Amino acid sequence: MATARELIAGSGLPLLEARMLLERALGVGRAWLIAHDDEALPDDRAAVFRDWARRRGNGEPMAYLLGEREFMGHDFQVSPAVLIPRPETELLVETALEHLRGRATPRVLDLGTGSGAIAVSIALARPDAAVQATDLSAEALAVAAANASRLGAAVTFARGDWYGALNGAAPAPTYDVIVSNPPYIAAADPHLSQGDLRHEPPLALTDRADGLEALRAIVRGAPAWLRPGGALWMEHGWDQAARVRDLLHAAGFAHVESRRDLAGIERISGGYL
Ligand SMILES: C[S@@+](CC[C@H](N)C(=O)[O-])C[C@H]1O[C@@H](n2cnc3c(N)ncnc32)[C@H](O)[C@@H]1O
Numbered sequence: 001m002a003t004a005r006e007l008i009a010g011s012g013l014p015l016l017e018a019r020m021l022l023e024r025a026l027g028v029g030r031a032w033l034i035a036h037d038d039e040a041l042p043d044d045r046a047a048v049f050r051d052w053a054r055r056r057g058n059g060e061p062m063a064y065l066l067g068e069r070e071f072m073g074h075d076f077q078v079s080p081a082v083l084i085p086r087p088e089t090e091l092l093v094e095t096a097l098e099h100l101r102g103r104a105t106p107r108v109l110d111l112g113t114g115s116g117a118i119a120v121s122i123a124l125a126r127p128d129a130a131v132q133a134t135d136l137s138a139e140a141l142a143v144a145a146a147n148a149s150r151l152g153a154a155v156t157f158a159r160g161d162w163y164g165a166l167n168g169a170a171p172a173p174t175y176d177v178i179v180s181n182p183p184y185i186a187a188a189d190p191h192l193s194q195g196d197l198r199h200e201p202p203l204a205l206t207d208r209a210d211g212l213e214a215l216r217a218i219v220r221g222a223p224a225w226l227r228p229g230g231a232l233w234m235e236h237g238w239d240q241a242a243r244v245r246d247l248l249h250a251a252g253f254a255h256v257e258s259r260r261d262l263a264g265i266e267r268i269s270g271g272y273l
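Count the sequence shown with the UniProt record's numbering and you get residues 1 to 273, in order.
Next comes the structure, spelled out in structure tokens:
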């Protein structure tokens with residue numbers, strides 16, 4: 001029988017991570033853990049914690065071990081079938097919501113929804129919006145649909161290759177805003193074999209080309225799916241903003257701009273029809 005203090009000390013993990021994993025293994029909160037840190041814990045719970053601590057030590061992301069990640073103030077369930085939502089993607093949600101301000105019952109399309117973080121956050125912030133989300137991965141769509149239902153967000157889901165997911169909808173719907181955080185890491189980027197990225201689905205990370213392939217497809221297809229005055233906003237890599245702006249100009253978008261994340265990096269670009 002081990003105590004919380006012994007398990008945490010023996011884990012070799014940073015204190016915060018060890019506490020978070022032990023809280024989850026025991027189903028208790030931080031205050032309980034601190035108040036009872038010298039109490040003997042059940043062997044089966046200690047075994048779960050030791051297994052998670054070992055996996056964390058081998059680099060598995062905290063979000064996959066805990067099964068959740070907070071985004072826009074909501075707890076999203078995540079599995080290795082989906083990208084772990086990143087804080088910088090909140091800029092995309094905030095920008096889409098800004099564009100929708102003053103538009104009643106807007107229509108929104110989120111391409112490559114993953115955990116549903118973007119689509120669900122928009123739907124929760126704007127319950128009057130009709131939000132459509134797509135993904136090529138059936139496993140990701142199952143995670144996204146479960147998140148929508150658990151968080152009480154009205155989102156419809158379709159599976160397919162970018163706009164191909166919407167084929168068959170008659171008449172073809174048009175949207176006030178299209179948002180996407182597509183895979184934008186180039187196939188040759190060494191970061192793919194480092195850190196959390198090693199554990200995330202390759203389909204969510206890389207286009208298996210130069211990093212711009214998915215962004216090209218999304219920009220190219222957007223005009224057919226946007227209402228006049230509608231906007232397209234996409235997240236992209238730290239060094240891709242100028243090239244994404246060029247793509248938007250070439251596709252006929254106006255008022256093309258990029259916005260910086262909290263680290264000062266041009267993280268999203270968009271334009272208006
Ligand atoms: C970077 S992840 C973004 C996930 C989520 N939107 C987020 O921001 O956390 C990209 C998503 O695009 C999906 N995807 C990749 N290729 C696709 C394609 N050709 N058509 C539709 N979705 C695709 C992946 O399965 C993945 O869920």
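Ideal placement from N, C-alpha and C gives every residue a C-beta, glycine not left out. All figures in this text were calculated on a predicted structure; none of them were measured in a lab.
Could you check what DSSP says for H255 in three-state terms: helix, strand or coil?
strand
Express the C-alpha separation of E39 and S137 in angstroms, rounding to a whole number.
45 Å
Would you please verify whether the beta carbon of L111 is less than 8 Å from any beta carbon of chain B?
Here chain B cannot be found, since the structure has a single protein chain.
Classify W238 as helix, strand or coil using the three-state DSSP reduction.
coil
Excluding sequence positions up to five away, which residues of its chain have a Cβ less than 7 Å from the Cβ of A104?
D128
Output the distance between the C-alpha atoms of I268 and G112, rounded to the nearest integer angstrom.
15 Å
Could you tell me which uninterrupted alpha helix (DSSP H) segments, each at least 4 residues in length, are contained entirely in the UniProt domain "Methyltransferase small" (97-188), listed from first to last along the chain?
117-125, 138-151
Limits of the unbroken beta strand (DSSP E) element including E68:
68-71
Along the chain, where does the beta strand (DSSP E) that runs through G271 open and close?
266-272
Thinking just about the alpha-carbon of each residue, which of Y272, A47, I185 is nearest to the one in L215?
I185
Do the segment 207-224 and the segment 243-257 make contact, defined as three or more Cβ pairs closer than 8 Å?
yes
DSSP state of L232, grouped into three classes?
strand
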